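Here the protein sequences line up with chains Z and P, keeping their order. Its first residue numbered 8, the first sequence is counted upward by one per residue in this note's numbering. Its first residue numbered 7, the second sequence is counted upward by one per residue in this note's numbering. In this text, a Cβ means the ideal position worked out from N, Cα and C, and glycines have one as well. Model, not experiment: these values are computed from the prediction.
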Amino acid sequence: AQTVTQSQPEMSVQEAETVTLSCTYDTSESDYYLFWYKQPPSRQMILVIRQEAYKQQNATENRFSVNFQKAAKSFSLKISDSQLGDAAMYFCAYRRTGNQFYFGTGTSLTVIP
Amino acid sequence: KAGVTQTPRYLIKTRGQQVTLSCSPISGHRSVSWYQQTPGQGLQFLFEYFSETQRNKGNFPGRFSGRQFSNSRSEMNVSTLELGDSALYLCASSPVPGPETQYFGPGTRLLVL
Chain Z
8 AQTVTQSQPE MSVQEAETVT LSCTYDTSES DYYLFWYKQP PSRQMILVIR QEAYKQQNAT
68 ENRFSVNFQK AAKSFSLKIS DSQLGDAAMY FCAYRRTGNQ FYFGTGTSLT VIP
Chain P
7 KAGVTQTPRY LIKTRGQQVT LSCSPISGHR SVSWYQQTPG QGLQFLFEYF SETQRNKGNF
67 PGRFSGRQFS NSRSEMNVST LELGDSALYL CASSPVPGPE TQYFGPGTRL LVL
């Protein structure tokens, strides 16, 4: 079975600094998709960024970028110029076509003013 | 477009009762997934529906069931509630099953006393 591991239950970052959240996953598949979702205290889960495994280029969305290492099965999220609104629980997720999503247990990010 | 809506938002039940939760996907989305979120376990996949058919099912007992209607709205039912069923239940929709990004609703907070 696929598993997604987030080894950092909590992280903190100074406002305007950069932080990296870690995620590793286990799969025997070669074609799959990886996601980072953000869940602010209001509880509405929203997509931050998505990566297709067949693409070698790392995905970026404004201040958010990923470091996708397929061989190492690693998918970390880098948040640059951290803002107070970035404070949230961040979930890493994996999905293979036609299959269910698998989520990690989350990393709680605190942004310090 | 309106987002994913879930009703009710909060619910208090006692052990042994049953509960039905409702989810209306984003207009045009035909795939609906349900998740149970607890502090210790993170997001656990319950089931996924597409075109009124259950496509995937997570590792939950038979007390947890669901269905999808022809308008893509979905309900999940939990019978014979246990204290451990207290959780946030999240619904997510996507246009079709697959690696599409899922859009989450605000969740239903269930408390079992």
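8 Å contact criterion, which residue i and residue j should meet: CB distance rounded
{"i": "Z:A23", "j": "Z:D88", "result": "6 Å"}
{"i": "Z:R102", "j": "Z:Y40", "result": "5 Å"}
{"i": "Z:I119", "j": "Z:V26", "result": "Not confirmed; about 11 Å, so no contact."}
{"i": "Z:N42", "j": "P:G48", "result": "Reading off the sequence, residue 42 of chain Z comes out as Phe, not Asn. Actually they are not in contact, since the Cβ atoms of Z:F42 and P:G48 sit about 14 Å apart, beyond 8 Å."}
{"i": "P:I18", "j": "P:L87", "result": "With 8 Å as the limit, P:I18 and P:L87 do not qualify as a contact, their Cβ atoms being about 11 Å apart."}
{"i": "P:F70", "j": "P:V84", "result": "6 Å"}
{"i": "P:H35", "j": "P:S80", "result": "Not quite, the Cβ-Cβ distance comes to about 11 Å (not below 8 Å), so this is no contact."}
{"i": "Z:Q58", "j": "Z:M52", "result": "Not quite, the Cβ-Cβ distance comes to about 18 Å (not below 8 Å), so this is no contact."}
Sheet register partners of residue i (DSSP bridge)
{"i": "Z:Y44", "result": "Z:L54 and Z:F98"}
{"i": "P:K63", "result": "P:F53"}
{"i": "P:S37", "result": "P:F56 and P:S100"}
{"i": "P:T114", "result": "P:Y95"}
{"i": "P:L87", "result": "None; P:L87 has no bridge partner."}
{"i": "P:S80", "result": "P:C29 and P:Q74"}
{"i": "Z:T67", "result": "Z:S72"}
Extent of the continuous beta strand (DSSP E) to which residue i belongs
{"i": "P:V25", "result": "V25 to S30"}
{"i": "P:T20", "result": "Premise fails: P:T20 is in no beta strand (DSSP E) and is neither H nor E."}
{"i": "Z:Q15", "result": "Z:Q15 -> no beta strand (DSSP E), and no H or E assigned at all."}
{"i": "Z:G74", "result": "The identity of residue 74 of chain Z in the sequence shown is Asn, whereas the question assumes Gly. Unbroken beta strand (DSSP E) run through Z:N74: F71 to Q76."}
{"i": "P:R73", "result": "F70 to Q74"}
{"i": "Z:D38", "result": "Element bounds for Z:D38: n/a, residue is neither H nor E."}
{"i": "Z:T104", "result": "Neither: Z:T104 is in no beta strand (DSSP E) and is coded neither H nor E."}
{"i": "Z:M81", "result": "Residue identity check: residue 81 of chain Z is Ser in the sequence provided, not Met. Start and end: S81 to I86."}
{"i": "Z:S115", "result": "T114 to I119"}
{"i": "Z:V26", "result": "V26 to L28"}
Proximal residues of chain Z, C-beta to C-beta of residue i below 9 Å
{"i": "P:Q108", "result": "F42, Y44, M52, L54, A100, R102 and F108"}
{"i": "P:S39", "result": "Q107 and F108"}
Proximal residues of chain P, C-beta to C-beta of residue i below 9 Å
{"i": "Z:T112", "result": "G46, Q47, G48 and L49"}
Listed by chain order, chain Z residues near residue i by CB distance under 8 Å
{"i": "P:E54", "result": "Q107"}
{"i": "P:L17", "result": "Per Cβ cutoff of 8 Å: no residues; P:L17 is ~15 Å from chain Z at best."}
{"i": "P:L3", "result": "Limits of chain P in this structure are 7 at one end and 119 at the other, which puts residue 3 of chain P out of reach."}
C-beta atoms of residue i and residue j nearer than 7 Å
{"i": "P:S30", "j": "P:T11", "result": "yes"}
{"i": "P:G68", "j": "P:M82", "result": "no"}
{"i": "P:Q60", "j": "P:F53", "result": "yes"}
{"i": "Z:V55", "j": "Z:A66", "result": "no"}
{"i": "P:S37", "j": "P:T13", "result": "no"}
{"i": "Z:T117", "j": "Z:S19", "result": "yes"}
{"i": "P:N62", "j": "Z:Q107", "result": "yes"}
Neighbouring residues, chain P, relative to residue i (Cβ below 7 Å)
{"i": "Z:R57", "result": "T107"}
Within chain Z, partners of residue i - CB distance below 7 Å
{"i": "P:G104", "result": "T104 and G105"}
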